[in-house]
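Participant: First the structure, which I've put down as structure tokens, then a few questions once you've had a look.
In the numbering used here, the protein residues as written are 1079 to 1388.
The following block contains the structure:
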């Protein structure tokens, strides 16, 4: 996809989460083809390349990440950098003529660069216009969600995507305060809508909910996993890092469906013909040492599936 921004590209710094665990569970080998569907600052991709893999295809929807990667990997011939949302992986692989892969990594967290760059509007600690777009070429912004959605829609988003019990009060407060222009304006509105002891939890959850809505984060997880499975060689691994219960629940449920696809009543013999095509591994958590080094890894969970397909 074309990149339209003209700013001078610069390298992005980021500490990759659960790096060693990802490398180990991807079961890397030198002749293999791998995907990193959430390139970010390139930490995971760099480590995969250092393992000597034959080919790596790395995706990101964020223009800043793509530009940074083009600098980082400018002298690396065995990486292909794709500016795209990972839900387009099937289309991209077909276009590239790639029919089989040996492993794929998806890190579903928001990158440190996005959180730390004030003008992106992700952080509730910094003043900025309401934005929260992972791909700044997308049209929907946090400003539109906050200022244009009906009260019932806001309640639904904050309750479902933020798992926030005070969704009704927060949505009502937002409606009454419109127009809401900036992140810190929104923070103050949320704080005033809930009891003081719940203020910061409500802020975090509401910002999470709006971000998920803006970027359509949850809707694409299951379909992407299912699109990837036919591309995996026998024994190929899919590794997914999640950072909150909503993401993790979808990954766990999707893996379970692929591991136990039979649709027949349990009391009767299977006649549907659906074969097990994935073996899910035990969930992995970051070590205490990693959490001390990188606080953003605290809520991370790594789930791994191994392809049983031919």
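Backbone N, C-alpha and C define an ideal beta-carbon position, used for all residues, glycine too.
Just checking my contact of residue 1241 with residue 1283 at CB under 8 Å: how many whole Å lie between their CB atoms?
Facilitator: 6 Å
Participant: Within 10 Å of its beta-carbon, does residue 1254 have 16 or more other beta-carbons around it, so buried, or fewer, so exposed?
Facilitator: Counting every other CB atom within 10 Å of its CB across the protein chains shown gives residue 1254 a total below 16, marking it as exposed.
Participant: Which residues bound the beta strand (DSSP E) around residue 1311?
Facilitator: 1310-1320
Participant: How many whole angstroms separate the CB atoms of residue 1248 and residue 1272, which I take to be in contact at a CB cut-off of 8 Å?
Facilitator: 7 Å
Participant: What are the boundary residues of the alpha helix (DSSP H) that includes residue 1285?
Facilitator: 1277-1293
Participant: In whole angstroms, what separates the C-alpha of residue 1308 from that of residue 1262?
Facilitator: 45 Å
Participant: With DSSP as the reference, label residue 1267 as helix, strand or coil.
Facilitator: Reduced to three states, the DSSP call for residue 1267 is helix.
Participant: What is the residue span of the alpha helix (DSSP H) that residue 1240 lies within?
Facilitator: 1229-1240
Participant: Are the beta-carbon atoms of residue 1375 and residue 1368 separated by less than 9 Å?
Facilitator: Yes; because the gap between Cβ atoms is below 9 Å, this pair is in contact.
Participant: Would you identify the three-state DSSP class for residue 1378, choosing helix, strand or coil?
Facilitator: coil
Participant: So residue 1106 and residue 1181 are in contact, right, with Cβ under 8 Å, and what is the actual spacing, rounded?
Facilitator: Rounded, the Cβ-Cβ distance is 7 Å, consistent with contact.
Participant: If contacts are defined as beta-carbon pairs under 8 Å, then residue 1115 and residue 1183 qualify, I think. What distance do you get, rounded to the angstrom?
Facilitator: 7 Å
Participant: Since residue 1201 contacts residue 1157 with CB under 8 Å, what's their CB separation in whole angstroms?
Facilitator: Wrong, their Cβ atoms sit about 30 Å apart, outside the cutoff.
Participant: Strictly by DSSP, which residues pair up with residue 1137?
Facilitator: 1160
Participant: Determine the closest residue to residue 1301 out of 1276, 1332, 1320, 1216, with distance taken between C-alpha atoms.
Facilitator: 1332
Participant: Is the number of C-beta pairs between the segment 1275-1294 and the segment 1223-1243 that are closer than 8 Å three or more?
Facilitator: yes
Participant: Looking at residue 1381 and residue 1326, is the spacing between their C-beta atoms short of 9 Å?
Facilitator: yes
Participant: Do residue 1319 and residue 1373 have their C-beta atoms within less than 9 Å of each other?
Facilitator: no
Participant: With distances taken between CB atoms, is the gap from residue 1191 to residue 1092 smaller than 9 Å?
Facilitator: In this structure, residue 1092 lies closer than 9 Å to residue 1191 by Cβ.
Participant: Could you check how far apart the C-beta atoms of residue 1384 and residue 1354 are, in whole angstroms? I think they sit under 8 Å.
Facilitator: About 11 Å separates the two Cβ atoms, so there is no contact after all.
Participant: My understanding is that residue 1117 touches residue 1126, with C-beta atoms under 8 Å, so please give their C-beta distance in whole angstroms.
Facilitator: Incorrect: roughly 11 Å between the Cβ atoms, too far for contact.
Participant: Which residues mark the beginning and the end of the alpha helix (DSSP H) in which residue 1220 is found?
Facilitator: 1220-1226
Participant: Pull up the CB-CB distance for residue 1292 and residue 1198, whole angstroms please, since I reckon it's below 8 Å.
Facilitator: That belief does not hold up - the Cβ atoms of residue 1292 and residue 1198 are roughly 11 Å apart, past 8 Å.
Participant: Cα-Cα, which of 1295, 1312, 1167, 1171 is closest to residue 1324?
Facilitator: 1295
Participant: Figure out for me which residue from 1129, 1141, 1168 has the closest Cα to the Cα of residue 1298.
Facilitator: 1168
Participant: So what's residue 1131 in DSSP terms, helix, strand or just coil?
Facilitator: coil
Participant: By a C-beta neighbour count over all protein chains shown, 10 Å radius and 16 as the cutoff for buried, is residue 1081 buried or exposed?
Facilitator: Unreliable placement is indicated for residue 1081, whose pLDDT of 38 sits below 50; the coordinate value is still reported in the next sentence. Residue 1081 should be labelled exposed.
Participant: Secondary structure at residue 1150, three-state DSSP: helix, strand or coil?
Facilitator: helix
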